[in-house]
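This report refers to the structure that appears directly beneath it.
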Amino acid sequence: MSIDSREQWLQCSLGELTERFVTQAHAVPSGLLEALDADPRRGAQSLARRIRARQERNRSEGQRLRHLLRFETELWEQGHTHVAGVDEAGMAPLAGPVVAAAAVLPKSYRLKGLDDSKKVLDAEKREALAVAIKRDAVAWAVGHAEVEEIDRINIYHAGLLAMRRAVEGLGLKPDYVLVDARTIPECPAPQRGIIKGDSLSMSIAAASILAKTTRDKLMGELDTRYPGYGLAQHKGYPTPHHIQALREKGVLPIHRRSFGPVREVLGLVAPADVPSAQAELFDLTPSPARRRP
Numbered sequence: 001m002s003i004d005s006r007e008q009w010l011q012c013s014l015g016e017l018t019e020r021f022v023t024q025a026h027a028v029p030s031g032l033l034e035a036l037d038a039d040p041r042r043g044a045q046s047l048a049r050r051i052r053a054r055q056e057r058n059r060s061e062g063q064r065l066r067h068l069l070r071f072e073t074e075l076w077e078q079g080h081t082h083v084a085g086v087d088e089a090g091m092a093p094l095a096g097p098v099v100a101a102a103a104v105l106p107k108s109y110r111l112k113g114l115d116d117s118k119k120v121l122d123a124e125k126r127e128a129l130a131v132a133i134k135r136d137a138v139a140w141a142v143g144h145a146e147v148e149e150i151d152r153i154n155i156y157h158a159g160l161l162a163m164r165r166a167v168e169g170l171g172l173k174p175d176y177v178l179v180d181a182r183t184i185p186e187c188p189a190p191q192r193g194i195i196k197g198d199s200l201s202m203s204i205a206a207a208s209i210l211a212k213t214t215r216d217k218l219m220g221e222l223d224t225r226y227p228g229y230g231l232a233q234h235k236g237y238p239t240p241h242h243i244q245a246l247r248e249k250g251v252l253p254i255h256r257r258s259f260g261p262v263r264e265v266l267g268l269v270a271p272a273d274v275p276s277a278q279a280e281l282f283d284l285t286p287s288p289a290r291r292r293p
């Protein structure tokens with residue numbers, strides 16, 4: 001039975017009130033806080049403070065989420081119904097693909113806790129956000145660029161390729177695309193690159209969560225296929241453990257041969273006349289001193 005009046009709620013225990021108004025964050029009936037303030041019990045007065053603190057957090061979160069929608073709101077007001085956010089994950093690792101995601105959210109969508117995936121440090125929270133985004137989105141898709149493509153066209157262009165594939169996989173043509181930090185060649189819709197977009201745009205933040213969780217799951221699967229490298233823990237990033245495993249166990253098919261630490265293990269060098277900043281654009285040849293195993 002629902003209990004709505006202040007008098008009925010005051011008949012409940014403090015534990016029940018805490019569960020309802022702090023843990024579950026339900027709306028507080030008019031007059032309840034004042035009644036708790038006037039209650040001589042310390043626990044009742046402490047509960048009133050906790051409820052007010054929760055209300056303030058909710059207000060701050062609501063303001064943050066409204067701020068995250070400012071780019072989308074501007075586009076919606078211009079008549080762009082389907083606004084896609086795009087982001088990628090996995091540019092810096094030594095192993096595995098780069099994964100991008102695109103997400104089209106409903107108008108005025110607000111998902112509590114949604115933020116740039118790098119700021120959502122708890123893996124379970126990221127996964128819960130990903131489940132909610134997939135459930136609620138008008139459309140979403142992921143795109144990959146594989147290791148062979150990364151080594152052939154370089155990681156920067158591979159990231160753009162994965163982004164384009166994500167947009168093309170949406171199943172609908174977006175009216176406008178918001179991209180984290182850059183723009184996508186041959187994008188099928190008008191677009192805008194937003195510096196730090198994953199912290200400034202709700203749609204890009206959603207895409208960053210989808211890209212991160214998708215890639216993390218993939219790296220866990222690769223860890224099962226290639227045990228001993230710690231792929232499920234470091235996700236392919238150049239941690240000391242990963243570098244040590246590379247040196248002791250050798251290079252896997254999923255390692256990026258255009259990346260310095262992998263080249264070092266293989267004894268590969270870029271052509272001498274190519275500036276180092278452009279070296280990863282070129283095919284690599286074995287060093288005479290250290291032959292590829």
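Going by UniProt numbering, the first residue of the sequence shown is number 1, and it counts up by one from there. We treat Cβ as the ideally placed atom computed from N, Cα and C, and that holds for glycine.
The Cβ atoms of leucine 14 and glycine 43 lie closer than 7 Å to each other. By the Cβ rule, the region 94 to 112 counts as touching the region 138 to 148, because three or more pairs are nearer than 8 Å. For the 7 Å CB-CB criterion, aspartate 87 and isoleucine 204 form a contact. With contacts defined as CB atoms closer than 7 Å, arginine 182 and valine 99 fail to qualify as a contacting pair. Less than 7 Å separates the beta-carbon of leucine 222 from that of leucine 231.
If you keep only unbroken alpha helix (DSSP H) runs of at least 4 residues inside the region 85 to 160, you get 123 to 136 and 147 to 153. Listed in chain order, the non-local C-beta contacts of alanine 207 below 7 Å within the same chain comprise Gly85, Val86, Asp87, Ala101, Ala102 and Ala103, local neighbours out to five positions each way being set aside. Leucine 121 sits away from glycine 236, with the two beta carbons spaced by 7 Å or more.
In the three-state scheme derived from DSSP, where H, G and I count as helix and E and B as strand, leucine 68 is classed as helix. Taking one beta carbon from each stretch, the region 168 to 185 and the region 70 to 86 have 3 or more pairs nearer than 8 Å; the two touch. Residue pairing by DSSP places valine 179 opposite Val86 and Gly193 in a beta bridge.
Comparing alpha carbon positions, the residue from Ile195, Tyr229 and Leu68 closest to arginine 110 is Leu68. An exposed status is given to isoleucine 195, since fewer than 16 other beta-carbon atoms sit within 10 Å of its beta-carbon.
For the options His234, Val28 and Met202, the alpha carbon positioned closest to that of lysine 217 is the one of His234.
For the set Ile243, Thr224, Arg263 and Lys112, the Cα lying nearest the Cα of methionine 202 is the one of Lys112. Leu75 is the residue among Glu61, Leu75, Ile153 and Arg135 whose C-alpha sits nearest the C-alpha of proline 190. Counting other Cβ atoms within 10 Å of its Cβ, threonine 224 stays below 16 and is therefore classed as exposed. The beta carbon of alanine 130 sits closer than 7 Å to those of Ile209, Leu210 and Thr213, all from its chain and outside the five residues before and after it, given in chain order. Here the C-alpha atom of isoleucine 254 lies approximately 27 Å from the C-alpha atom of leucine 170. For leucine 268, the three-state secondary structure derived from DSSP is strand. Ranking Glu56, Leu33, Thr73 and Arg54 by CA distance to the CA of glutamine 45 puts Leu33 first. In the structure shown, histidine 241 adopts helical secondary structure according to DSSP, grouped into three states.
For histidine 255, the three-state secondary structure derived from DSSP is strand.
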